[in-house]
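Protein sequence lines, in the order shown, are assigned to chains A and B.
Just so we're aligned, residue 0 is where the first sequence starts under numbering that gives the first Met the number 0, counting upward by one.
Just so we're aligned, residue 0 is where the second sequence starts under numbering that gives the first Met the number 0, counting upward by one.
Quick reminder that beta carbons are idealized off the backbone N, C-alpha and C, glycines included.
All remarks here apply to the structure that follows.
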Amino acid sequence: MTILMSEVPPIRKEDIAPQRPWSRRPASFWFAAFLGTAVPFAIFGGLFFVTELPVPVLLIAFYLPLQLIGAGLAGYSAKGKHGIADSSIIVLAIGATTLSAIVLGSMLLIIIVRGFAAMRPSFIFQNSVYISPSTPLEYGGIGHAIVGTFLIVGIATIISVPFGIATAVYVTEIRGRAVPYVRFFIQAMSGVPSVVAGLFVLTVFILTGVLSQSAIAAAIAYAILMLPTVARTAEEVLKLVPEDLRTGALALGSTRARVVLNVVIPAARTGIITAMLLGIARVVGETAPLLLTALKNDQTVLNPLSDPISALPTFIFDNVAQPYPDAVTRAWGAALALMILVSILFTVTRFLSARKPRR
Amino acid sequence: MEETVVAMEELDVELSAAKVETKPIEMSTKGVSVWFGKRKILENVNIDFQKKSVTALIGPSGCGKSTFIRTLNRLHELIPGAALAGEVLYEGEDIYRQDVDPVQIRLSIGMVFQKPNPFPSMTIRGNVLSGLKLSGIKRPDHDSLVEQTLTSAGLWKEVKDRLNSPAGDLSGGQQQRLVIARALAVNPHVLLMDEPCSALDPASTLKIEETIRQLSKDITIIIVTHNMQQAVRVSDYTAFFLAEENQPGYVVEQGPTTEIFGNPRDQRTLDYVNGRFG
Numbered sequence: 000m001t002i003l004m005s006e007v008p009p010i011r012k013e014d015i016a017p018q019r020p021w022s023r024r025p026a027s028f029w030f031a032a033f034l035g036t037a038v039p040f041a042i043f044g045g046l047f048f049v050t051e052l053p054v055p056v057l058l059i060a061f062y063l064p065l066q067l068i069g070a071g072l073a074g075y076s077a078k079g080k081h082g083i084a085d086s087s088i089i090v091l092a093i094g095a096t097t098l099s100a101i102v103l104g105s106m107l108l109i110i111i112v113r114g115f116a117a118m119r120p121s122f123i124f125q126n127s128v129y130i131s132p133s134t135p136l137e138y139g140g141i142g143h144a145i146v147g148t149f150l151i152v153g154i155a156t157i158i159s160v161p162f163g164i165a166t167a168v169y170v171t172e173i174r175g176r177a178v179p180y181v182r183f184f185i186q187a188m189s190g191v192p193s194v195v196a197g198l199f200v201l202t203v204f205i206l207t208g209v210l211s212q213s214a215i216a217a218a219i220a221y222a223i224l225m226l227p228t229v230a231r232t233a234e235e236v237l238k239l240v241p242e243d244l245r246t247g248a249l250a251l252g253s254t255r256a257r258v259v260l261n262v263v264i265p266a267a268r269t270g271i272i273t274a275m276l277l278g279i280a281r282v283v284g285e286t287a288p289l290l291l292t293a294l295k296n297d298q299t300v301l302n303p304l305s306d307p308i309s310a311l312p313t314f315i316f317d318n319v320a321q322p323y324p325d326a327v328t329r330a331w332g333a334a335l336a337l338m339i340l341v342s343i344l345f346t347v348t349r350f351l352s353a354r355k356p357r358r
Numbered sequence: 000m001e002e003t004v005v006a007m008e009e010l011d012v013e014l015s016a017a018k019v020e021t022k023p024i025e026m027s028t029k030g031v032s033v034w035f036g037k038r039k040i041l042e043n044v045n046i047d048f049q050k051k052s053v054t055a056l057i058g059p060s061g062c063g064k065s066t067f068i069r070t071l072n073r074l075h076e077l078i079p080g081a082a083l084a085g086e087v088l089y090e091g092e093d094i095y096r097q098d099v100d101p102v103q104i105r106l107s108i109g110m111v112f113q114k115p116n117p118f119p120s121m122t123i124r125g126n127v128l129s130g131l132k133l134s135g136i137k138r139p140d141h142d143s144l145v146e147q148t149l150t151s152a153g154l155w156k157e158v159k160d161r162l163n164s165p166a167g168d169l170s171g172g173q174q175q176r177l178v179i180a181r182a183l184a185v186n187p188h189v190l191l192m193d194e195p196c197s198a199l200d201p202a203s204t205l206k207i208e209e210t211i212r213q214l215s216k217d218i219t220i221i222i223v224t225h226n227m228q229q230a231v232r233v234s235d236y237t238a239f240f241l242a243e244e245n246q247p248g249y250v251v252e253q254g255p256t257t258e259i260f261g262n263p264r265d266q267r268t269l270d271y272v273n274g275r276f277g
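What follows is the structure, given as structure tokens:
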């Protein structure tokens, strides 16, 4: 008998600990990685102070190529030839991500810095009645615009999400004869300029006297803009639901309606919520349709059916062009508030949708 | 179950007569334990794999066989949270040593998976040659390489007239033989097979078993299987894995397949190979 358990004495439990030998690197790797990063960075820093070339140019033309060479050397020292390709890919990916992060991050930073000057409880909770552009920051706020944004986006979501999901169900579940046309139409609709959506509502609903300029009119314009995003995303996530689940449910004697409602849509729930969030993200900052359909109002309006209403984008639009520094600061503050609201909304929705299925 | 027992007894007589020769050791594991996060999956596995032989890893589902086979060509480490202790020796060297390139290890130790996974965007011929392209290996005379590996995998006759049609057109069994050919084209010394026949019909299974027997003349094969008759039919050595509920898996017994199936020393092995549980 050549191989038996008993040949090797059993190792006692306390002798062995889990290890990750694959994440160990030789010291020469760390040295090369440090050098390969520090030297390009030093050259980048030197050129920045000496040449006055813009930072992105320096990053792309000087820092990144040098960093690539440095990473290649580090990779070579750890893994030989194969390490070069792997480390270059990693550096390129990190480089591209960092560049986008710098661009987006600097915008975020300026909104936070400028907007923070306006932040105080009264700014969030008060409305702008009796407030002129020259009124100091201590008075007035964007409470009415926050309420307006919630009202308009909320109604637009209630309108567009059912329509969007229904369209997606038609395309993926019912698979009717018109599917190619529907998909083409949705694709084309996603290119509608937002001002055209506003004009459409203005001519069809407002000038004909059906609606006045109000939250509901603005919500219809928003819903038109949201619909293609919601429908398209929902279609993609419904397509990801495995066909086996559908046949499995049908084999249990389910009707097609039950398959869609009880199996397919619940299976795609997280994705459908993503579709909704993408739709909201698409419209929440749109200004042009509101200028035509909601106008503005310094009062807090709770009735979506009748009165003109301000929302955060229109508030920003109104204040940013004023020749008074306090008004401009209010606009930055409203931009910051809009960003924070969207982040809170997305975080809360993600948190709720990540729950485990109920028993 | 009765059939199984009868088949075993017949084979028993046949195989006991066959002499089990000892060959040099190609791979071995020394005290291998495996974790995912804090959960220990395998404890202290010590197996020697002999050159140009077939070793079957058997045992009930969830006892860590598939996890174990993935530690043998360093695919295990790709799973986040994976950890390991002990040594995996290939030609006497620990493949987890710091200066070992996992790419080189996977070139020498190929793998075939449970579900056939030919690359759908490539032709049959393209799939066979894909290993060369992906690893940057140059080998002369692609045509004869394609013919030779497809012949070894037992697929040549069926596909020689349509080498340039998409791999997705093949049946499941043909696809599995295609990925075996693909694995062979980079000229591995060891071939790992993780339940290669579990998704196939009996005819395709038989073809793949023939292929395994043929291949074992040239390379070392380690195969995870749930099919005990298959282990008897194709393997020279067998290791029986077992895991109690929520406990890490371990090797109960290992040795020549004739011993494990004909004259096991552990009651649990006897029960398992006779189909009494698992």
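query: Does the Cβ of A:Pro288 have 16 or more other Cβ atoms within 10 Å, making it buried, or fewer, making it exposed?
result: In the first sequence, residue 288 of chain A corresponds to position 289, counting from 1. When all chains shown are included, A:Pro288 counts as buried.
- prompt: Would you report the Cα separation of A:Leu150 and A:Leu198, rounded to the nearest angstrom?
  reply: Here residue 150 of chain A corresponds to residue number 151 of the first sequence, with the count starting at 1. Here residue 198 of chain A corresponds to residue number 199 of the first sequence, with the count starting at 1. Each residue's Cα considered, the two are about 20 Å apart.
Beta-carbon proximity list for B:Glu92, same chain, < 8 Å, skipping 5 on both sides: Start at 1 with the first residue of the second sequence, and residue 92 of chain B comes out as number 93. Excluding sequence neighbours, B:Glu92 sits near Val99.
query: Any idea what DSSP makes of A:Ile205, helix, strand or coil?
result: The residue given as residue 205 of chain A occupies position 206 in the first sequence. Helix, per DSSP.
- request: Quick one: using the 10 Å Cβ neighbour count with 16 as the cut-off for buried, is B:Lys132 buried or exposed?
  value: By 1-based counting over the second sequence, the position of residue 132 of chain B is 133. By the 10 Å Cβ count, B:Lys132 comes out exposed.
message: Can you tell me whether B:Tyr89 is helix, strand or coil according to DSSP?
response: Within the second sequence, residue 89 of chain B is the residue found at index 90, counting from 1. Correct three-state label for B:Tyr89: strand.
- prompt: Which one of B:Asn163, B:Val102, B:Pro247 and B:Gln103 has the shortest CA to CA distance from B:Leu128?
  reply: Position 129 of the second sequence, counted from the start, is the residue given in the question as residue 128 of chain B. Closest option to B:Leu128, Cα to Cα, is B:Asn163.
- request: Please compile the residues from chain A whose C-beta is within a distance smaller than 7 Å of the C-beta of B:Ala166.
  value: Locating residue 166 of chain B in the second sequence gives position 167, counting from the first residue. Result: empty, since nearest Cβ-Cβ is about 21 Å, beyond 7 Å.
query: In whole angstroms, what separates the C-alpha of B:Val251 from that of A:Ala248?
result: Within the second sequence, the letter at position 252 stands for residue 251 of chain B. Within the first sequence, the letter at position 249 stands for residue 248 of chain A. Whole-angstrom Cα-Cα distance: 41 Å.
- request: Would you mind giving the Cβ-Cβ distance between B:Ala166 and B:Leu177, rounded to the nearest angstrom? I have them listed as a contact below 8 Å.
  value: Here the question's residue 166 of chain B lines up with position 167 in the second sequence. Here the question's residue 177 of chain B lines up with position 178 in the second sequence. That pair is a contact at about 6 Å.
message: Taking 7 Å as the threshold (C-beta atoms), are A:Leu294 and A:Gly114 in contact?
response: Sequence index remark: in the first sequence, residue 114 of chain A carries index 115 (1-based). Sequence index remark: in the first sequence, residue 294 of chain A carries index 295 (1-based). No; because the gap between Cβ atoms is not below 7 Å, this pair is not in contact.
- request: Count the C-beta pairs between the stretch 265–280 of chain A and the stretch 309–322 of chain A that are closer than 8 Å, then say yes if the count reaches three, no if not.
  value: no
message: Could you tell me the alpha carbon to alpha carbon distance between A:Leu291 and A:Leu260, rounded to whole angstroms?
response: Your numbering for residue 291 of chain A matches position 292 in the first sequence. Your numbering for residue 260 of chain A matches position 261 in the first sequence. Cα-Cα distance, rounded: 38 Å.
message: For a test of the three-state rule: what should DSSP assign to B:Gly274, helix, strand or coil?
response: The residue you call residue 274 of chain B lines up with position 275 of the second sequence. If DSSP states are grouped into helix, strand and coil, B:Gly274 belongs with coil.
Residues, ordered as in the chain, of the stretch 304–335 of chain A that lie near chain B by beta-carbon distance below 7 Å: none
message: For the alpha helix (DSSP H) containing A:Phe115, name the first residue and the last one.
response: Walking along the first sequence from the start, residue 115 of chain A turns up at place 116. Counting along the chain, the alpha helix (DSSP H) containing A:Phe115 begins and ends at Lys80 to Phe115.
message: Helix, strand or coil for B:Met110? Go by DSSP, reduced to three states.
response: Locating residue 110 of chain B in the second sequence gives position 111, where the first residue counts as 1. Strand, per DSSP.
message: In chain order, what are the residue ranges of uninterrupted alpha helix (DSSP H) at least 4 long that sit wholly in the stretch 20–90 of chain B?
response: 64–70
Coarse secondary structure for A:Glu137, derived from DSSP in three states: For the purposes of this step, residue 137 of chain A is identified with residue 138 of the first sequence, where counting begins at 1. Of the three classes helix, strand and coil, the one that applies to A:Glu137 here is coil, per DSSP.
message: Within a Cβ cutoff of 6 Å, which residues of the same chain sit near B:Cys196, ignoring the five residues on either side of it in sequence?
response: Within the second sequence, the letter at position 197 stands for residue 196 of chain B. Correct list, in chain order: Thr204 and Ile207.
query: Counting contacts by CB-CB distance shorter than 7 Å, is A:Gly45 in contact with chain B?
result: Stepping through the first sequence from its first residue, residue 45 of chain A is reached at position 46. No, because no Cβ of chain B sits closer than 7 Å to the Cβ of A:Gly45.
task: Output, in chain order, the set of chain A residues within a Cβ distance shorter than 7 Å of B:Val102.
output: As a working mapping, residue 102 of chain B is identified with position 103 in the second sequence. Going along chain A in sequence order, the residues near B:Val102 (Cβ under 7 Å) are His81.
query: In three-state DSSP terms, what is B:Ala17?
result: Taking the first residue of the second sequence as position 1, residue 17 of chain B is located at position 18. Reliability of the predicted coordinates at B:Ala17 is poor, the pLDDT of 49 falling under 50, and the value obtained from them is presented with this limitation in mind. Three-state DSSP puts B:Ala17 in coil, outside helix and strand.
- prompt: Any C-beta of chain B sitting closer than 7 Å to the C-beta of A:Gln212?
  reply: On the first sequence, position 213 is the one that residue 212 of chain A refers to. Taking Cβ atoms only, chain B never reaches closer than 7 Å to A:Gln212, which makes this a no.
- prompt: Is DSSP giving A:Thr156 helix, strand or coil here?
  reply: Within the first sequence, residue 156 of chain A is the residue found at index 157, counting from 1. Of the three classes helix, strand and coil, the one that applies to A:Thr156 here is helix, per DSSP.
query: Under the rule that 16 or more other beta-carbon atoms within 10 Å means buried, what is B:His141, buried or exposed?
result: Counting from one through the second sequence, the residue named residue 141 of chain B turns up at place 142. Label assigned to B:His141: exposed.
message: Looking at chain A, is there any beta carbon in it that lies within less than 7 Å of the beta carbon of B:Ala82?
response: Residue numbering aside, residue 82 of chain B sits at position 83 when the second sequence is read from its first letter. Taking Cβ atoms only, chain A reaches closer than 7 Å to B:Ala82, which makes this a yes.
- request: Please report the residue range of the alpha helix (DSSP H) in which B:Asp142 lies.
  value: Sequence index remark: in the second sequence, residue 142 of chain B carries index 143 (1-based). It spans His141 to Ser151 - the alpha helix (DSSP H) in which B:Asp142 sits, taken as one unbroken run.
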